[in-house]
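Residue numbers (our numbering): 17 to 492.
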């Protein structure tokens, strides 16, 4: 990922970021920092970039021309990238926003100074206005560094441990539980007994309770959000197989409830850029009741809650599919949804399976054409692609998609029907179980071989198919 920072003080940002974890990520080529000095683009002979405000008032204002020209210099190279203006008047900077920005390849951050920036250039260039808190700083540089640091942590490989980003504060809308290290007793205070028990189930339960207790006391707003998600997960769990794509997104901390009213639901998985729709309780009666309006206003209201840039939607109700088709959406694929509910680790009858690295990217791209190279590279960097090998030579692979579904399974023709696909799937299921997740997958209609494999391994087929739908240029 490449960060382009428009600033009057590039050295301040460079010195603040090119150290520790961010500095190491830059050295490894995982992220790139491009500091652009706005002063270099002024046309004023004395190098000024500010002037008095029209209508009077204290302080000076950054002029439109140097800001616009500096922004344009980046766009000429990378195209019109997403542009964030850091300002106290912006939307609050949350972990959900962090995950959203982490999906960008190029991100421009505009730092204001003095009394701000001429509104006309902001209207021309800015896509997001973000605030890191309800206070005023002397400039946007510190806020820009906060954004770069938070977003960089979600770039695969930056933390050095694929699980770290998922286990830290704000995961699932709960603050982090208290943690302890040696010595066992310090200053008369003991490490809680449960952490010394070796009982991993009790440890995880204690950590969850501590996280809930801390969040409720310190951030009741976050705790209310957590409770709302848990209530929805419980309700959807009554029909777990059909709703697994929604519940796993919510449990994984990626899903956000953007609309829930009169049995109509929209959950956005911001990390995957996917919206999941549900009308009624999934049964035909609830479905008809939720959508029965002649002018289509209920569905319009539901769709209007989706982020503007959302292209992909997941639907499990045929009536809703037809409604979306009438609005200009198209069906990308109809899939069967399979869920592994047993929770038991599966035997892996293949000696050599390992996590893939970028050295394996070309092999994956050569044998899997449903996804582009950029997506497959991101999945490998995320540490969720695994390969099967025989005598050091790769013979197949599997992975997990951004939205959480298992997929991308491939086995070379000469090794099919020899248990390689089963071993890869078992390995992937076991990795997901280790993370406390419920493994599931989507199989395109007509792929009978994959369906037979999943059913033979004990995965259950949901009663309803899943439609992946794409929003074309259309009006809600």
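Note that beta-carbon positions come from the ideal geometry of N, C-alpha and C, so glycine has one too.
The residue among 77, 329, 422, 196 with its C-alpha nearest the C-alpha of residue 281 is 329. Residue range 409 to 416 is occupied by the beta strand (DSSP E) that includes residue 416. In the same chain as residue 259, and ignoring 5 residues on each side of it, the C-beta atoms closer than 6 Å to its own belong to 252, in chain order.
DSSP places residue 25 outside both helix and strand once states are collapsed to three, so it counts as coil. Inter-residue distance for residue 69 and residue 134 is about 9 Å (C-alpha atoms, whole angstroms). Membership of residue 259 in the alpha helix (DSSP H) is indicated by the continuous run 256 to 267. In the DSSP annotation of this structure, the continuous segment of the alpha helix (DSSP H) that includes residue 227 starts and ends at 216 to 234.
Contact between residue 404 and residue 366 holds: their C-beta atoms lie close to 6 Å from each other, under 8 Å.
The stretch 159 to 176 makes contact with the stretch 46 to 54, as at least three CB pairs between them are under 8 Å.
In this model, residue 331 and residue 466 are separated by some 21 Å (Cα to Cα). Across the set 452, 434, 429, 377, the C-alpha of 377 shows the shortest separation from the C-alpha of residue 415. Annotation: residue 455 to residue 419 spans about 12 Å, alpha carbon to alpha carbon. As DSSP reads the structure, residue 19 sits in a beta bridge with 49, 123.
Taking a C-beta distance under 8 Å as the contact criterion, residue 87 and residue 143 do not qualify as a contact pair. Taking 8 Å as the cut-off, the Cβ atoms of residue 105 and residue 136 do not count as close.
By the CB criterion at 8 Å, residue 75 and residue 131 fall inside the cutoff. In this chain, the beta strand (DSSP E) harbouring residue 294 covers 290 to 295. Taking C-beta separations shorter than 6 Å and ignoring five residues to either side along the sequence, the partners of residue 109 in its chain run 146, 148, following chain order. In the structure shown, residue 61 adopts coil according to DSSP, grouped into three states.
Residue 23 is a Cβ neighbour of residue 54, given a cutoff of 8 Å. In this structure, residue 21 sits away from residue 168, with a CB-CB distance that is not shorter than 8 Å. Contact between the stretch 393 to 412 and the stretch 477 to 491 is absent: fewer than 3 CB-CB pairs across the two stretches fall below 8 Å. The C-beta separation of residue 460 from residue 349 comes to about 5 Å, placing the pair in contact by the 8 Å criterion.
Residue environment analysis places residue 429 among the exposed positions, since fewer than 16 neighbouring C-beta atoms fall within 10 angstroms of its C-beta. Under the DSSP assignment, residue 472 falls in the alpha helix (DSSP H) whose first and last residues are 464 to 472. With fewer than 16 neighbouring CB atoms inside 10 Å of its own CB, residue 216 falls in the exposed class. In the displayed model, residue 347 falls within a strand according to three-state DSSP. Distance check between residue 453 and each of 267, 398, 373 places 267 closest, using alpha-carbon atoms only. Bridge pairing for residue 423: 415 [DSSP].
For the pair residue 401 and residue 120, the Cα-to-Cα distance works out to about 21 Å. The straight-line gap separating the alpha-carbon atoms of residue 387 and residue 424 is approximately 9 Å.
When beta bridges are read from the DSSP output, residue 108 appears opposite 147.
Note on geometry: alpha-carbon atoms of residue 374 and residue 444 lie some 19 Å from one another.
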